[in-house]
Structure formats: C-alpha cells, structure tokens
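Worksheet: the structure to be examined is printed underneath.
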Amino acid sequence: MRVRFAPSPTGPLHIGGLRTALFNWLFARHHGGHFILRLEDTDQRRLVSGSAEHIMSMLRHYGLDYDEGPDTGGTFGPYVQSERRERHFRRAHWLVQQGAAYPCYCSAERLAAVNAEKRSRGQPSGYDRHCRELSQSQRAALEATGPRPVIRFRMPLEGQTSVQDAIRGELHFDNARLQDAVLLKSDGFPTYHLAHLVDDHDMQISHVMRSSEWLPSLPLHWQLWQAFGQERPVYVHLPVLLNPNGKGKLSKRHAGFTQNGKQVLVLAQEFIDAGYLPEAVRNFLTNIGWSMPDEREFFPVEAAIEDFELRRVNPADSVFPVEKLDWLNGMWIRELSLKDLADRVRPLVLEAGLELDDARLRKVIPLMRERMRSLHDFVAMAGFFFRDRIDDPEAEAIIQRRMDAAGTLRALQAARQRLGRHDRVDCAALEAEMRALAQELGIKVGQLFGSLRVAVTGQRVSPPLFETMEILGPETCRERIDRAIVTLQRQA
RNA sequence: GGCCCCAUCGUCUAGUGGCCCAGGAUGUCACCCUUUCAAGGUGAAGACACGGGUUCGAGUCCCGUUGGGGCUACCA
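Numbering (our numbering), first residue to last: -7 to 484.
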C-alpha cells in the first residue's frame, strides 16, 4: 500500500490539509505501507516561498512522518512536482499523438467571452470545444502565428462514466456534462489533473485519499487513466470540514477569523499557538469522519493505527467540534509526565515575560496539571508564582460572602500573626492551624481560606491554597497578606 | 442555473432489516466530593429532516421533497 499527501506550497498548512494527511498516514501505518509527501507546485503564480518548509515542519510537529518526500528522498523522486514537468509534458503530448488530447489556441479573452455568452442564454458555462476538430492546416497556421496552445483532453461526448469511490461506491456521470479540461498549460506546466495522475502512476500510489471537493473531477481522472491505458489506484474521497456554524467549508476561511466573538482556528500553526498538544490535535482530528470500533474517543495514536479502516469513514461532512478539542487537550495534558509538562510549559512562561524559576516551576506543575485545558492556562492561573509583585487585589475581592471589611481584617490579622511564627510553610500543618483559626473566629473555612487566597494569589481561583503558600514561602505570603490588610484598613 | 455528494441528540458519532420506545462522547444543567477552580463520581434534558413505497417488520433498502455541502479556472 502506497499513499501520499500532496499539498501545494501556496501558503500555511490548513487544519483540513492536516486532517487529510493524517488519514493517509493512519492508513499507511495500519497496512504497513508507505506514506509519501509530494509537493504540487505547478501553479507558478501562487507559490509562496517558505511554505514548503512550513508544511514539512507542521507534519513533523504533528508526528506524521513520511517515508518518502522532498527532504527525505526515496526511490520514486523527485518529490517536487515542478521537477517532473518534462515527464508531464511528454505524457501530455503522448496523449495528443494518441488522439486522446488536442492543442487549443483559444485566448483567455475568447474563453471569457464564450462563457459570458453562454451564461447570458442561461446555459451551463464551459469551453465550446472550438479547437477540438481543427484540421491539419488550420492547426499549422495557428501554430505559426497564434499564442502558445494549451493541451486539452478529448472527453467522450456521449455515454456515461462510471467511477468508483472507496467509501461511496459506484457513481455515474453523464459525459455530455463533462468538459475538455486543460491538461497542460501554455506555460508548459501541467494542471493538477494531469500531474497527479502521472505522478501517482510513476510513484506506484495504490490509494488516492483526498478531500471530497475532488469528487466532481473524478470522471475526468477516470477517463484519463483509461486514455493512458494504466491501472487506476483506488480513489477515496474524505468528507470536508465545515465551519462551526455549518455554513461553508472551513478551508474557505483564512487565518484568524472570529465567529460570535470567538476566535476560530483554521491553520495548523494556530493550534500550536493556542496551547494545544500535537497528541490532542491528532486524536481530535482522528475522531472527525472516523470512529473507533468500540467508540472510544480518547486514545493513543497507536490504537488508531491498529484499528484504522476505510469502512469506518463516515461520508458526511462535519462541523468542526472545537469543544471536544478542549476536553481532549485536558485529557492529554493529564496524561503527560510532570517533566514533560514542565518542558512544554516553560517556553510559555518565558514568552509571557515572567521570571522563570525552574525549581519553583517543577513544584507548581503537579498542582496545575489537572487544572489545565490549554497550555496557556498555566500562565493564566499560576502566573503569580513567577512575579515578585502582584497587583493589589481590591478589598471587594478579599472580602468573602457574608463577611464585612472589619471581620475580614480581623481574620487576616490573626492569620498573619500565626504565619509569623513559621520560617517555612508546611502545608498540612498550616492547613490544620488555619482550620482551627476559622473555628476560633467563628467563620467558615471557606471564608477564611477565600480571603487568604485572594490576598496571597491576587486571584479568586487558584491552585490549592496551602500548597500554593508552601511554594510561595512564608516571606512572600506575609508580605502579600500585609498589603491586603492595608487595603482593608483603608476601606474601614 | 447545471452536475455531484451528504442527511441520527446543539456538536462529533454508534448503528450494514428484528438485539433500538435508538447507544457513546462532548457541551449544558443538577447533585456528590470539596478551601476556590479543576479533576473524579452520579444523574437529567436532548436526535433517526419530511412524505411515499418495499417488507411480517425500516434509523437501516428504494423513490420523491426539503435542507446542507462541493464543483462549475491555463488554482489545487
């Protein structure tokens, strides 16, 4: 089994592209086959420099290793389509010799005019096959004076083309509706239709797994294989990813758009930036349009490889279920070792401009692991560990439910006094002491702890209080409680 | 407009004629646990788009309607 992912290097890798790559990769790994990366760069005008490297680095990041590709090599190279253009050129002209294709000299202007005219009469648009039956002499004349021709495929005018899709079965198309598609452009480069077919044959691809947007051109490809007299690979059309509101496919959207005030991520890179683990994204993507036989949704990639089968691919397009990604990311974070999580969080702490105390980071990680859904949650909830000074919390935040400023002040002063006796904080001992204090004061532990929490962390929600205080150390805690006391005194 | 594909809880899905007055997951809500938030546990609400057939029997097969999506380039 040989499959390929064939993106065109015209910009950053889209999440939909990543999903297509993933399914190909899973299929190859399940069958012990080969997964190949081929760059389809035949549209010279749309090339974006650096995107080939970007695509390869994204595949690496998400763990989709390829067995053959532009940078890894392989016995079927080159893996960059533009480097194969002579082969494409020869195959196009071979088709012309066979009578299966013909040169077309029509200008872009004429094509546009024909389309406009057809449309105005309410007819389906398309090429009028003007050059299909040119005589030898007409052709020679145009060859001498005219512009450089394109090569078009000579589609059968009647009958039907019956094609086979691995997950939809047999599909039928009326040939009369089909176009004489361009195979070779006037710049000598092939179009996708010709190039993918020639390359898939040369690279001995057994299964073409691609997005279902390609379904309408399958009959063309079917006919092309026949014209070449070659055995076709199995074609598999994967369902498309839809926008969160179900309107339109996701790939139509560009980076960083928002919907209902929420940021919608569409680029492979954006998921990294948002703090999602590659394991989680991969697991998430696997569950869209495919399901485990036992319906598990949280599983290691090895399990997906083990069970991956085409018959479990759902033909229906699907909305991108983002909330599930958040859940899975949390699950995967909890799956990480403390060291691994620390390694992944460290760059974000630095990036946030915080002071990186590594010993402290390692102490905070176990407190945070079960509280994170995104890697960014660490900085958001535990950032105060890595700041010398926190913003003084408002009195209103320090004072807990059914408490007043005076009562809170008394409580904090008492707590401060007890804390004064320690030169280190032992969280279990401190907790016991504070519980006792709450009882003495006749307030609830939640009220005391709540005030302390806000005083010490500056936040209403935080990791467990006494573990937090132990890590912060008595000096920092006293200092922060003192500031809270001042705030309350001002209030009173 | 034409052609093609698709259609189960809000969303992702299981379901290949009787095991389904439809199961799981997520999200939502409630309760338990609990120093906050999580995590964990328990529970609740929530779907076979509609109409015809076929069949003893249809979520499952066929037809139509509706809805959604894709394609309609010398882009992929």
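Glycine included, C-beta positions come from ideal geometry on N, C-alpha and C.
Keep in mind that this is a model prediction, so the values were computed, not measured.
- Name the two residues that bound the continuous alpha helix (DSSP H) containing Gln156. Where Gln156 is concerned, there is no enclosing alpha helix (DSSP H), although the beta strand (DSSP E) it sits in stretches over 152 to 157.
Check your understanding: Which residues in the same chain have their Cβ closer than 7 Å to the Cβ of Ala397, if we skip the five residues on either side of it in sequence?
Key -> Ala387, Ile391, Leu480, Gln483, Ala484
* **Spatially closest choice to Ala447 from Gly118, Phe376, Arg37, by CA coordinates** => Phe376
* With a floor of 3 residues, list each beta strand (DSSP E) that falls wholly inside the stretch 52 to 128, ordered by position along the chain. => 93 to 96
Next on the checklist: Need the endpoints of the alpha helix (DSSP H) that Gln261 sits in, please.
Outcome noted: 260 to 265
Report task. Kindly list the residues whose CB is nearer than 6 Å to the CB of Arg472, restricted to its own chain and excluding five residues on each side of it in sequence; keep chain order. Result -> Ala447, Val448
From which residue to which residue does the alpha helix (DSSP H) around Ser443 run?
-> 437 to 449
Reducing DSSP to helix, strand and coil, say where Met201 ends up. strand
- request: Could you name the residues of the same chain whose beta carbon sits closer than 6 Å to that of His193, not counting the 5 residues immediately before and after it, in chain order?
  value: Gln222
Which residue's Cα is closest to the Cα of Asp33: Gly3, Arg21, Gly25?
Gly3
Range of the contiguous beta strand (DSSP E) that encloses Pro255: At residue 255 the sequence reads Gln, which differs from the Pro that was named. Where Gln255 is concerned, the enclosing beta strand (DSSP E) stretches over 254 to 256.
message: If you measure between the beta carbons of His199 and Val228, is that distance less than 7 Å?
response: yes
- Item | For Ile143: DSSP bridge partner residues | Pro95, Leu176
Determine the direct distance from the alpha carbon of His164 to that of Ser154, and round the result to whole angstroms.
-> 4 Å
By Cβ distance below 8 Å, which residues in the same chain neighbour Ala502 in space, the five residues on each side in sequence not counted?
It is not possible to answer for residue 502, since the shown part of the chain is limited to -7 through 484.
Using only alpha-carbon positions, find the residue among Glu462, Ala374, Leu464 that is nearest to Gln451.
Ala374
With which residues is Gly161 paired in a DSSP beta bridge?
Asp157
- Message: Using the three-state DSSP reduction, which class does Asp166 fall into: helix, strand or coil?
- Response: strand
* To do: Please report the Cβ distance between Ala260 and Leu5, rounded to the nearest whole angstrom; I am assuming they are in contact, meaning their Cβ atoms lie under 8 Å.
  => 4 Å
Just the Cα atoms here: how many angstroms apart are Gln255 and Glu45?
26 Å
Q | Extent of the continuous beta strand (DSSP E) run through Ile28 | A | 26 to 29
- Among Asp384, Asn235, Trp214, nearest to Val226 - alpha-carbon criterion: Trp214
**Prompt:** CB-CB under 7 Å to Leu333, same chain, minus the five flanking residues each way: which ones, in chain order?
**Reply:** Ile325, Ile357, Arg361
Quiz item: Sorted by chain position, which residues of the same chain lie with C-beta nearer than 7 Å to Gln405's C-beta, five sequence neighbours on each side aside?
Solution: Ile477
Report task. Starting from the Cα of Leu170, find the closest Cα among Leu212, Leu401, Lys177, Ala344 and give me that residue. Result -> Leu212
Rounded C-alpha distance that separates Gly61 from Asn237 = 36 Å
Requested in this report: Determine the DSSP secondary structure at Arg394, reduced to helix, strand or coil.
Outcome: coil
Which word fits Asp415, buried or exposed, when buried means at least 16 other C-beta atoms lie within 10 angstroms of its C-beta? exposed
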